[in-house]
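Visitor: Be aware that the first sequence starts at 2, since it is given in my numbering, and climbs by one per residue.
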Amino acid sequence: MGSYNFSEIEKKWQNKWEETGCFHAETASDKPKFYALIEFPYPSGQGLHVGHPRSYTALDIVSRKRRMQGYNVLYPIGWDAFGLPTENFAIKNKIHPKIVTKNNIANFKRQLKMLGFSFDWSREVNTTDPEYYKWTQWIFLQLFKKGLAYKQEMPINWCTGCKVGLSNEEVVNGVCERCGSEVVQRRKSQWMLKITEYAERLINDLDDVDYIERVKTQQKNWIGRSEGAEVKFQLTSGDEMVVYTTRADTLFGATYVVLAPEHKLVEKLLPSLENVDEIKEYITLAGKKSEFERTELAKDKTGVQLKGVNAINPVTGKELPIFISDYVLVTYGTGAIMAVPAHDERDWDFAKKFNLPIIEVVAGGENVQEAAYTDVYKGNMVNSGFLDGMPVKEAIPAMIKWLEEKGLGKKKVNYKLRDWLFSRQRYWGEPIPLVYCEKCGWVPIPEEQLPLELPEIDEFEPGENGESPLAKATEWINTTCPHCGAPAKRETDTMPQWAGSSWYFLRYIDPHNNDALASKEALDYWTPIDWYNGGMEHTTLHLLYSRFWHKFLFDLGIVPTKEPYMKRTSHGMILGENGEKMSKSRGNVVNPDEVVNEYGADAVRTFEMFIGAFDQSTPWSQDGLKGCYKFLERVWNLQDMMTDEEGYSKELCSNIHKTIKKVSDDYEKMKFNTGIAALMSLVNDFYKAGKVTKGEFLTLITLLNPVAPHMTEELWEMYGKGGLLSVSPWPEYDEALTVDSEVEIVVQINGKIRDKMMVSAELDKAGIEKLVTESDTVKKLVDGKTIIKTIVVPGKLVNIVVK
RNA sequence: GCGGAUAUGGCGGAAUUGGCAGACGCGCAUGGUUCAGGUCCAUGUGAAAGCGAUUUCAUGCAGGUUCAAGUCCUGUUAUCCGCACCA
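1) So, helix, strand or coil for ARG491, using DSSP?
2) Near SER123, which residues of its chain fall below 7 angstroms by C-beta distance, leaving aside the five closest residues on each side in sequence?
3) Output the distance between the C-alpha atoms of MET115 and GLY148, rounded to the nearest integer angstrom.
4) Among GLU20, VAL803, PHE698, which one has its Cα closest to the Cα of THR1?
5) Comparing alpha-carbon positions, which option in LEU252, PRO512, VAL560 lies nearest VAL363?
6) For PRO620, which beta-bridge partners are listed by DSSP?
7) Mind checking who PHE35 pairs with in its DSSP beta bridge?
8) In or out: LYS766 buried (at least 16 other Cβ within 10 Å) or exposed?
9) Closest by CA to ASN205, which one among ASP61, ARG548, SER64?
10) Which of helix, strand or coil does DSSP assign to VAL605?
11) Taking 7 angstroms as the cut-off, is the beta-carbon of LYS766 closer than that to any non-hydrogen atom of the ligand PLP?
12) Among ASP31, LYS582, ALA373, which has the Cα closest to the Cα of GLY573?
13) Give the DSSP-derived three-state secondary structure of GLY723 in the structure shown.
14) For PHE7, which of helix, strand or coil comes out of DSSP?
15) Is it buried or exposed, GLU297, if we count other Cβ atoms within 10 angstroms and call 16 or more buried?
16) Could you tell me whether the region 240-259 touches the region 428-439, using the rule of 3 or more Cβ pairs below 8 angstroms?
17) Hey, quick one: how far does the alpha helix (DSSP H) through PHE351 stretch, first residue to last?
18) I'd like the list of long-range same chain contacts for GLU170, defined as Cβ closer than 6 angstroms, with 5 residues on each side in sequence excluded.
19) Express the C-alpha separation of TYR151 and GLY628 in angstroms, rounding to a whole number.
20) Does the region 629-639 come close enough to the region 660-672 to have 3 or more Cβ pairs within less than 8 angstroms?
21) Rounded to a whole number of angstroms, what is the C-alpha to C-alpha distance between GLU448 and VAL596?
22) Pair every Cβ in the region 332-344 with every Cβ in the region 276-290, then say whether three or more of these pairs are closer than 8 angstroms.
23) According to DSSP, is ASP641 helix, strand or coil?
24) Should MET759 be labelled buried (16 or more other beta-carbon atoms within 10 Å of its own) or exposed?
25) When you compare only the Cα positions, how much space is there between LYS412 and PRO315?
26) Quick check: what's the CA-CA separation for TRP223 versus GLU609?
27) Which same chain residues, not among the five before or five after ASP556, have their C-beta less than 7 angstroms away from its C-beta?
28) Using a 10 Å radius around the Cβ and a threshold of 16 neighbouring Cβ atoms, would you call TYR5 buried or exposed?
29) Identify every run of the beta strand (DSSP E) within the region 513-570, keeping only runs that are complete inside it and at least 3 residues long; order them along the chain.
30) Between the beta-carbon of VAL799 and the beta-carbon of GLU763, is there less than 8 angstroms?
31) Taking PRO445 and LYS146 to be in contact with their CB atoms under 8 angstroms, please state how far apart those CB atoms are, rounded to whole angstroms.
32) Which residue from LYS490, GLY366, GLN370 puts its Cα closest to that of ASP350?
33) Can you tell me where the beta strand (DSSP E) holding THR791 begins and where it ends?
34) Could you tell me which uninterrupted beta strand (DSSP E) segments, each at least 3 residues in length, are contained entirely in the region 384-466, listed from first to last along the chain?
35) For ILE750, write down the residues that DSSP places opposite it in a beta bridge.
36) Do ASP756 and THR778 have their C-beta atoms closer together than 8 angstroms?
This is the structure:
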């Protein structure tokens, strides 16, 4: 027997798999289809790190197993290659981002191939390929044509480092998610996508998909649906303001109202106010602050009263002071609130600071002068006219009904979700395929002119005033209006990185199609995706954006399903050996090249799956990797113990069937760590027996194949039944053989373990009780005591309660 | 501040959903084989007490429910993640 030469073996089988094309998926087949998807990587300059393969190996195991079980499996891969890091690298090193991308992809590809994933490489996609982004642009044009893309001047987050606008979702703790620079507020005309139009469906349709609960909760919270009411307040100036509230029941307790400083009404009222300077100063101050700075001052509320005008409470008729304060956001609701300090903490803080009245309208709390009482489940209405005595839950609809009847307000659903800021003033993204004509406005370019390719330029830096680098491509910009033929200019903004990744899973289905993003036939066959695994960090951005686009394509009749992914799971992060997040600056990054070189791809794959619970983050361990290598070597060395005996050895028979069952189940439940542990135990049993039959050995390597595909293919070639193990049938188990005829019963007295007995598995409750209570040990233990109660759990234990 | 997750030996982690806590691996110890080679094989390994069979204590902390709690309930602490006054 030769020694376990993993580097030779791994290269050999990677070549064989490529030559035979055994992992190519065929569209349309009698077999059941299985479409497994992992989040395609962003090909960064650093190359793969040891965290990437965790997700890829997991679905590779499921894909390989399903293939062996007779499924027609699609497990594709591609590159999410537009984006800032590449562009920044290109700027710094004066290399075209296209070249940088090409090099990075080559490196990633080498690394992924080295790990032996069963990807269908013939379907590789690349978001920066014009043949690909042609369809990204095409989808954008459809959105535009349906009125879901619009341009609007609005306050945006401006990254002082990258000199680009960021969507709120990309701002992390007040700094740019990518470069870490300060983010400030600025106004700029931007392309927006109306994802909010899909908010309701994005929540409701979660009921039809199998996502892990955490992901569903996080998406729902992000969309943030709330049911409330809009209420009209007449002002003493004769104007009208509309506030949004979820607590219409507390209207009798509203003692002042607040407008966001940017609210249009403030501008309108200004000329007639007494303290114009003070107000203007506050508005300027608030405008300078980033959203982060505003919230940093959360405890200490600020604001200015609009002197010379009051609002009239529609139910009490009382005049209320009007304030502007930056604790009210112009982007949410109507940008105006009615303040009920007795029952809202923020309002309470503000009221205390500005000495405003606090009127209790819900009983049941402590003194509202001391703290706000916010419980909606306890307490009835007081000081509230026709609502008095009602519980809050009834008072809310009662008040809304009253408002609607009087024409003073209406029921209103609001969402936290905001529209998707889609413009970037950057080079390395898809050009937005629109033309601006003085006469016709924004005009889409004809679809037959797609792809609209990026112009070749030399300088990729954004312009000084934040304009796109494309603005320098004069020849490219100047064009004619497709509508009227007059001279016109192209849009110079590009799309965000999220665009290409919002539909890539559809292109895999039919990647070389020139006439459509994918053929209808192929889409009908492969969608929806059966299983999508990815990181929790993509739960609110990518996952939501791609669901939105998919739903839009569904509405157009392009895709046959309303949801793209049937099932979504999530992997935990692999941390550095010191338990901290892997990063270059911490110096704890583990390079896959090194570990594969040292222990082989099979050992790395095995360890990545054995390292801990798949959905939890866990630190890397070089010793742990060594342990998995040792396990594979023990499997390899079993060759020495192989006997010519036929069939399974009797003592291991039930063990084998139990292992087949456990491993099959565990792979599907992503409990890879315990599945591998079961295989380790089985190997230990073979060592204890000092022998293994060929049948047992082949079962073992088949079960291990999805995890360690190279070594098991090699062993299959030596001892197996011919052909590739990767396409051989998955072992079946006999349920009857997984059940033991005798089980161990734990005997407890007052909950303490006192004895263990082997009893027949068929024995019923009474039988077990009789056997146990009549045993000598038990008789001795309960002697002289009274038995109060005996609990029998068949197959588990007997607990005798004595006094 | 709000929301979510997590907490089990020296370490990574198991525990069929209320039923023997610590599977499997690492590490460590002892013995054997090879005795220069990242060895390999076997046995042991939560803590404390005892020569011992055994006993007691142990799943972040404090209570509670139950014959029985890592698992359920109440409170609390720590760590990590997400969000930023969402009315």
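Ideal placement from N, C-alpha and C gives every residue a C-beta, glycine not left out.
Guide: In this structure, then:
1) strand
2) HIS25
3) 46 angstroms
4) Outside the displayed range of the chain (2 to 804) lies residue 1, so it cannot be described from this structure.
5) LEU252
6) LEU576
7) VAL74
8) exposed
9) ARG548
10) helix
11) The ligand PLP is not part of this structure, which contains no ligands at all.
12) LYS582
13) coil
14) helix
15) Note that GLU297 has pLDDT 47, beneath the 50 cutoff, so the model's placement of it is unreliable and no number is given.
16) no
17) 346-355
18) Confidence is the limiting factor: at GLU170 the pLDDT is only 48, short of 50, which leaves the residue's position unreliable, though a coordinate-based value still follows. LEU542, listed in sequence order.
19) 57 angstroms
20) no
21) 48 angstroms
22) no
23) helix
24) exposed
25) 16 angstroms
26) 31 angstroms
27) none
28) buried
29) 532-536
30) no
31) 7 angstroms
32) GLN370
33) 788-794
34) 410-416, 435-438, 442-445
35) LYS753, ILE801
36) yes
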